[in-house]
Amino acid sequence: MRVGEFEINNIYNIDCLVGMKMMPDECVDLVVTSPPYDDLRVYNGYSFDFEGIAKELYRVMKKGGVVVWVVGDKIKNGNRSLTSFKQCLYFQEIGFNVHDIMIYRKKNTPFMRSNAYTNCYEFMFVFSKEKVATFNPLKTKTARSGFEKLVSNKKADGINNKVVAELKKEKTLTNIWSYAVGLGGSTNDKIAFQHPAIFPEKLAHDHILSWTNEGDLVFDPMSGSGTTCKMAKLAKRNYLGMEISKEYTDLSIKRLKMVHPQLF
Ligand SMILES: C[S@@+](CC[C@H](N)C(=O)[O-])C[C@H]1O[C@@H](n2cnc3c(N)ncnc32)[C@H](O)[C@@H]1O
-9 MRVGEFEINN IYNIDCLVGM KMMPDECVDL VVTSPPYDDL RVYNGYSFDF
41 EGIAKELYRV MKKGGVVVWV VGDKIKNGNR SLTSFKQCLY FQEIGFNVHD
91 IMIYRKKNTP FMRSNAYTNC YEFMFVFSKE KVATFNPLKT KTARSGFEKL
141 VSNKKADGIN NKVVAELKKE KTLTNIWSYA VGLGGSTNDK IAFQHPAIFP
191 EKLAHDHILS WTNEGDLVFD PMSGSGTTCK MAKLAKRNYL GMEISKEYTD
241 LSIKRLKMVH PQLF
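Numbering (the numbering used here), first residue to last: -9 to 254.
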């Protein structure tokens, strides 16, 4: 199956701004991606036209589609760049809804600053094009279960009546998600660490389950080591990746072949 010039379930070595121009309007259900953060990491040469990329993303998203934009800030001379906030405001300016601002908390972060608390999170901005089409909320077990006397809503007499009711066995997750990072945390694929800035497989997996259904198209325009594409494949979604660096594209294809042997 093709999307514009691209065969889906593949990763292409291309600047996503060029690549997206070769895709039709409104063809993508979900993007889970992480852009280069300020100049925090040196990738193998890239150009990053943020505004151009954001506008193309708006065009290729289906109505009801979701973009998960995972980003942190550089801290220089005790001052945060706030690139994350600026990018968020820009997405809103060009028409996206800021559906949620979620936190990706890293469980194992090394101590980093002597005069501030160790930064242990990045933002996961959840943008939607119009009203979100799919939401499959992830659940967690509640601490207590069984029957208890619970306070029911106050009536006009001001008295809190208690009623016996069954506690729910599960509740929807909060919007702060915690993940272990590093080998064995982010992934067990050693090869992925040839890329300097991967996000955890489970982070991609959780968003894919939340915002899409089987058969939907998940796109990562800056696919790095291929984490989003791998997790989309494992969740029976279609995927499309674009990566500007040949080295990272090759490594992501090697990684994908472990779960998608037909990929060439
Ligand atoms: C933070 S990394 C993404 C890592 C990825 N989420 C993973 O888990 O492996 C950002 C990636 O964007 C790529 N990149 C930068 N500009 C690009 C562009 N214009 N088009 C496509 N990829 C780009 C970089 O080479 C880098 O691999």
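Even glycine gets a Cβ: it sits at the ideal position worked out from N, Cα and C.
Between ligand 1 and HIS185, a heavy atom-to-CB distance of less than 7 angstroms is present.
DSSP lists ASN228 as the beta-bridge partner residues of LEU207. Between the stretch 110 to 124 and the stretch 43 to 63, the count of C-beta pairs closer than 8 angstroms reaches three or more; the two stretches touch. Annotation for HIS89: the continuous beta strand (DSSP E) segment containing it runs 87 to 96. At a threshold of 7 angstroms, CYS219 does not count as near ligand 1, since its beta carbon sits no closer than that to any of the ligand's heavy atoms. For the pair of segments examined, the stretch 141 to 157 was found not to touch the stretch 173 to 186: the number of CB pairs separated by less than 8 angstroms stays below three.
Short of 7 angstroms from the beta carbon of LEU140, and not among the five residues preceding or following it, lie these beta carbons of its own chain, in chain order: LYS152, VAL153, ALA155. One alpha carbon belongs to LYS97, the other to MET13, and they sit about 38 angstroms apart.
Between the alpha carbons of THR162 and GLY174 lies a distance of about 26 angstroms. The stretch 206 to 221 and the stretch 71 to 82 do not touch, with fewer than three beta-carbon pairs separated by less than 8 angstroms.
Nearest to THR239 by alpha-carbon distance, out of GLU(-5), ASN0, VAL60, is ASN0. In terms of Cα proximity to SER135, the closest of LYS158, VAL22, ILE243, ILE43 is LYS158. In this structure, LEU193 and ASP19 do not form a Cβ contact; the two beta carbons are roughly 18 angstroms apart against a cut-off of 8 angstroms. Just so you know, the alpha carbons of VAL8 and ARG70 end up roughly 31 angstroms apart. Residue environment for ILE198: buried (at least 16 other C-beta atoms within 10 angstroms of its C-beta).
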